[in-house]
Amino acid sequence: MAHTFTYPRDVKTVYYFGTCLVDMSFPQAGMAGIHLLRRAGVEVVFPQEQSCCGQPAYNSGFLEEARAVARAQIKAFSKADWPIVVPSGSCAGMMRHHYPEMFANDPEYFDVRKFSERVFELGDFLHNALHVRYEDKGKPVKVTWHSSCHAMREMGATAAAKALIGQLSNVELVEIEREYECCGFGGTFSIKQPEISAAMVADKVEDIRATGASAILSGDCGCLMNIGGAMERTGVPVAPRHLAEFIWERING
Amino acid sequence: MSSTARDRIFARLHAARTTVSPYVPRGGSWQAPMLDKDQRIELLKKRMETVRSEVHVVPEAEWPAKLLEVLKAREPQTMAYGHDAWFGGTLRSKVKGKGLPKLVPYGENVEAFRDELFGIDVGITSTLGGIAENGTLIVWPTPQEPRLLSLVPTVHIALLKADTIYSTLAEAMREMRWAENMPTNALLISGPSKTADIEMTLAFGVHGPKEVIVLVLD
Amino acid sequence: MGSQHLDFTANVTEALADRQLRANFKSALTGLMKKRVAVLPNAEEIERMRDDAEAAKRNALAKLPELLERLERKCTENGIIVHWAETTAEANDIILGIMRSHDATKLVKGKSMVSEEMHLNHFLETHGIEALETDLGEFIIQLNHEPPSHIIVPAVHKNRQQVGRIFADNLEGIPYTDVVEELNAIARKTLREKFRTGHVGLSGVNFAVAETGTLVLVENEGNGRMCTTVPPVHVAVMGLEKVVESLSDLPPLLRLLTASATGQLVTTYVNCITSPRKEGERDGPKEIHLVILDNGRSRMLADAQLRRTLQCIRCGTCLNHCPVYIRIGGHAYGSVYPGPIGKILTPQIDGLAEKGVLATASSLCNACEEVCPVRIPIPGIIRRMRTEAYDEKDDGVVKGHGAKKNLLETLVWKGWELTYRIPALNRFVVSMLGKFGDKLPNVGPLKAWTSVRTAPRFAPKSLHQLAKEEGIRHE
Ligand code: SF4
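Given below as structure tokens:
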């Protein structure tokens, strides 16, 4: 899968696709992303008709439902050809790589491809398209990082996220053992195969705990909900934080 | 039965053809680097040693002396060889005396020789060449030097002429015209037989030779 | 195969509870992952190798009938007898026929996944023929009456103590030892005797070259060479996807196969067999048979996406990198091919009704696709298995398509679609969740989720609302 994207230059306006999970459960993380974009001098447009990228149905075998919902998103972001920034590597990967697959045999294939090429993951976009610079105003803290599988393998967004964290002078980033390994979320996988998913997240929590970090950062709320829920359940005192929310707090002191 | 199975399989394969447009492969883009002669010898030696082969580079005229040294260090009882191999005469004249093995020519069909062969200590063979890129010997057994010489005895000694070492497998296949000349059996051999099937712990000499010793004749 | 019932959930529960098993897998597979990286060159060069390897396999699939005909013709010219089998039962009968025609009762076997697919050993044993595995890993598990748990390292689930016990319990006059060298020596002594006395040798095939009619086998132990050289008759079995067009396809394929499988630059032996013993030659089999098995493969060829399953060179590296396989091991899959490749191959061979559940055992993390040397889009094909299992449009092609269709899930996803397709409904549902989400009854999916996690929380105000309140432009 392509990891090197062509980033737009002189960006004035972007669309923001908040994702269904952020909308329901992590709206503060979503707002932080909007704030970071605006701080970089970019106008943010949030179409109210947006909802979900369609990945839950797509990954569960319900292609027709996924396509219907995908079409609704494509329509919601069709008034201008601004880049579409997404505070989730997984949803961004869905829209970037899987929308064209889903419509491969349809007349709208090329339109869908054009849409897909406008989709970027938030951290990647901040770093590689907007070249943001941050000044850390927070107290010294040790954190660790978890990439969602799709942020890493579909969107190639890991390096950008780490570069952003690296700009925060009082933040020490410790890498976890087997950083490349899935946390066991996988959307409906965690419901269809709860025991395997539980074994995966338990190992991930153990590796996070071993770092001694006080927070686990990620660009994906799905992983954070999974890891955070498991840590809360087992009393592991590490805070799950979305990267955008974390950065926003650090630069505002 | 099997011919109708064939017909049905091919009917499906041909039918499948029409439904998918053929993929046009890119391909042909990867190649290991081409090396000069010294680099080839050096790399082959390095690669083969990594997998526990013993490699001695010797001036062409001195190989018999090196062979005797290698043998004396091990004191094998028996050494099988091809009577009509290019070095057969040299072996017969040099390999005799104390600490040196009895020479056993592989002169009969395996059916008659098998039981004896399974008890032999050393097999010595020529090679058709070597490949530096992956550290292998090219061995094409012949009526003079049968296949099992390099497999059944506990130690395999191979004679490799330095100017037959190729840089890459692709080059060897091209230069030696494998496509037109495939023998009954063509082998690449990188070292002694090995396994890591128990706890991924590497161990040598599981079924075939426990040692592979290469004399590179320069 | 395919008729035995698979209780995947029970298998998973059992595997996860076995700490020793999990530890054995984790340490072995982590080692294999590291070795693979160490032996591969830089990322850019790997990608070029993968270009070539993928191209070689896709080229072969694009011309499959022609290449198979050419392989058959070349082999026949070279004196190799070619047989075709549509099913595993036919393949077994062919091999039994060969054994009987030589009054042979002892078969020595090199490693062959296709023979596992055929359940050949069991079949031959019921006909009074001893079929002995000679690959060390296969030998160990055969003694213990188990199937392989990995396609490259079949006994990876056993540690040295367990192997020591298996040997002591099953081999005459062998005392217990857990020293690896001694265990290997025991196997060497036992098996060399078998090679010497075997009537027929059986092997798999890694690549069959149509251009020259050559069967290429890679191995480290030498048992493959023994099986294909010492006995008077050699039988090779292969799936029909093993054919490649020419010898020049081999260098990148071999390099990637060994690097991916065992983290090696090359195996101890690359064994290229082109004919039986010729006039004047002193050893090698006098007769070689090649059995080419279909068993559902030709059906996969007919579909542009599914045919890519046939690119597989059985390197096993997708297993090593799979977070699910690492935890549950190979046996839990209840199938010859476990791990990611098994999740796409097994349902296609055995059908979605029997084995469709395997496709649910993936978080779609893409680790397999990232490392597959021939770039099989495994996650995409896993999704396809899921889609075919429900077969909404009734246009499925995989055996057993539609097997999992049910009213409940159909309704759930229809409801999901409406919720996310119709903005007003979406806003209503999200605001209801914000108000009452924490009062959801802990049943069904939520119960599965909360078995090890706290329940998801729903924010009082959605992002839609917050953005609106903050005056974020919306069009
Ligand atoms: S699917 Fe790819 S990685 Fe897995 S065994 Fe086959 S070739 Fe190897």
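Residue numbers (my numbering), protein chains in the order written: chain A, 9 to 261; chain B, 2 to 219; chain C, 11 to 485. All residues carry an ideal CB built from backbone N, CA and C; glycine is no exception. Keep in mind it's a predicted model, so treat the numbers as computed, not measured.
Bounding residues of the alpha helix (DSSP H) (the contiguous stretch that carries residue i)
| i | result |
| --- | --- |
| THR187/C | Where THR187/C is concerned, there is no enclosing alpha helix (DSSP H), given that its DSSP letter is neither H nor E. |
| GLY174/C | 170-180 |
| ILE173/A | 166-174 |
| ARG161/A | 157-161 |
| GLU253/A | 251-259 |
Extent of the continuous beta strand (DSSP E) to which residue i belongs
| i | result |
| --- | --- |
| GLU55/B | 55-59 |
| PHE123/A | Unbroken run through PHE123/A is the alpha helix (DSSP H), 117-124; no beta strand (DSSP E). |
| ASN21/C | From DSSP, ASN21/C is part of no beta strand (DSSP E) but of the alpha helix (DSSP H) over 18-27. |
| ILE338/C | Segment 333-338 is the alpha helix (DSSP H) holding ILE338/C; no beta strand (DSSP E) there. |
| TYR23/A | 21-24 |
| THR137/B | 137-140 |
| CYS378/C | Per DSSP, CYS378/C belongs to no beta strand (DSSP E); it is in the alpha helix (DSSP H), 377-381. |
| ALA159/B | 156-162 |
| GLU143/C | 140-143 |
| LYS103/B | 103-106 |
Closer than 8 Å to chain C by CB, residue i
| i | result |
| --- | --- |
| ALA137/A | no |
| TYR82/B | no |
| LYS46/B | no |
| ALA252/A | no |
| TYR66/A | yes |
| LYS103/B | no |
| ARG75/B | no |
| GLY131/A | no |
Cβ shell of residue i (< 6 Å), same chain only, five flanking positions each side left out
| i | result |
| --- | --- |
| ALA40/A | ALA252, GLU253 and TRP256 |
| LEU316/C | MET310 |
| VAL439/C | THR429 |
| VAL140/A | ALA48 and LEU134 |
| GLY208/C | LYS116, VAL118 and PRO241 |
| GLU84/B | For clarity, residue 84/B is His in the given sequence; the question names Glu instead. PRO106 and GLY108. |
Close Cβ partners of residue i (< 7 Å) along its chain, the five nearest in sequence each way excluded
| i | result |
| --- | --- |
| HIS137/C | LEU106 |
| LEU443/C | PHE468 |
| PRO16/A | PRO91 and ALA137 |
| CYS231/A | HIS154, SER156, CYS191 and PHE193 |
| ARG324/C | MET123 and ILE161 |
Closer than 8 Å to chain B by CB, residue i
| i | result |
| --- | --- |
| THR239/C | yes |
| VAL173/C | yes |
Three-way DSSP call (helix, strand, coil) for residue i in this model
| i | result |
| --- | --- |
| PHE13/A | coil |
| GLU255/C | coil |
| CYS229/A | helix |
| MET442/C | helix |
| MET2/B | Note on MET2/B: pLDDT 49, under 50, position unreliable in the model; no value is reported. |
| VAL407/C | coil |
| TRP94/C | strand |
| SER213/C | strand |
| SER127/B | strand |
| PHE183/B | Note that residue 183/B corresponds to Met in the displayed sequence, not to Phe. DSSP places MET183/B in coil when its eight states are reduced to three. |
| GLU51/A | strand |
| LEU36/B | coil |
| VAL213/B | strand |
| LYS46/B | helix |
| LEU421/C | helix |
| TYR279/C | strand |
Neighbour flag for residue i against chain A, beta carbons, 8 Å
| i | result |
| --- | --- |
| GLU461/C | Strictly speaking, residue 461/C in this sequence is Ser, with Glu absent from that position. With 8 Å as the cut-off, SER461/C counts as an interface residue toward chain A. |
| TYR430/C | yes |
| MET11/C | Caution is warranted here: a pLDDT of 40 is assigned to MET11/C, below 50, making its placement in the model unreliable, and the coordinate value is therefore given only provisionally. MET11/C does not count as touching chain A. |
| PRO262/C | no |
Contacting residues, own chain, Cβ-Cβ under 8 Å from residue i (five flanking each side not counted)
| i | result |
| --- | --- |
| TYR117/A | PRO108 and PHE111 |
| LYS32/B | A small correction: the amino acid at residue 32/B is Gln; Lys does not occupy that position in the sequence shown. Correct list, in chain order: THR169 and ALA171. |
Residue i CB to nearest heavy atom of ligand 2 below 7 Å
| i | result |
| --- | --- |
| THR136/C | The model on display carries ligand 1 but not ligand 2. |
Compile a chain-ordered list of the residues in the stretch 27-48 of chain A whose CB is closer than 8 Å to at least one CB of chain D. The structure shown contains no chain D; its protein chains are A, B and C.
Scan the stretch 218-276 of chain C and note each continuous beta strand (DSSP E) run of 3 residues or more that stays entirely inside, going in chain order. 224-229 and 243-249
Ordered list of beta strand (DSSP E) runs contained in the stretch 84-151 of chain A, each at least 3 residues: 92-94 and 127-129
Unbroken stretches of the alpha helix (DSSP H), 4 residues or longer, contained in the stretch 59-100 of chain B: 64-75 and 89-95
What residue ranges within the stretch 54-126 of chain C form continuous alpha helix (DSSP H) runs of no fewer than 4 residues, ordered along the chain? 74-88 and 98-111
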